[in-house]
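Here is the structure we will look at, set down as structure tokens.
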Amino acid sequence: MTKSTEEVCRIFGISKSTLFRWEQEGRIPPPKRTGRMKERMYASAQLEALLMLCFRPVFNQAFAGEDCAVIANAFESLFLTKVLIGKTVGVDEIRAFAKQRPLAPSTMKGLLAAAATQFSAESWEFKALVGAVHASCA
């Protein structure tokens, strides 16, 4: 699954200038360019690098403070981001996580949006995401 520049910036909460700077600095592999306008399309290699760049400081700060709620929120955000970039491992992680603690409303909204836009209603991923949200509401 590939993502456009706009999708990547929205998912990771970064600006285009930050994304392009990280490309120039070599912090993420250069994306492929497609179409007449040579639009950047980010594939798994770039998305994995962005996960590390964006979440390493979040987890460093969360674990430094030793606040369980902050750590749990960091994991919840990571799992949702994995789902949004098309990593099905995020589906299993969020499902297991939701069994342990209620999901934040923003996470539930993001999961339902991902389920509706990225998966067919018959797929196991769709059912797992909706099930995780349902379990979290119970």
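Mind the numbering: the sequence shown is residues 3 to 140 in my numbering, read in order.
Using N, Cα and C, we set each Cβ at its ideal position, and we do this for glycine too.
Which residues mark the beginning and the end of the alpha helix (DSSP H) in which Arg58 is found? 46-67
Rounded to whole angstroms, what is the Cα-Cα separation between Leu105 and Glu78? 8 angstroms
Span of the beta strand (DSSP E) around Thr36: 34-36
Quick check: what's the CA-CA separation for Val91 versus Arg38? 34 angstroms
According to DSSP, is Met39 part of a helix, a strand, or is it coil? coil
Between Leu86 and the rest of its own chain, which residues show a CB-CB distance below 6 angstroms, the 5 nearest in sequence each way excluded? Ile13, Ala116
Measure the CB-CB distance between Ala134 and Arg97 and report whether it falls below 8 angstroms. yes
In this structure, does DSSP put Ser122 in helix, strand or coil? coil
Please state if the CB of Pro33 and the CB of Ala45 are separated by a distance shorter than 8 angstroms. yes
Status (buried if at least 16 other CB within 10 Å, exposed otherwise) for Ser138: buried
Spatially closest choice to Ser6 from Arg42, Gln26, Leu21, Phe22, by CA coordinates: Arg42
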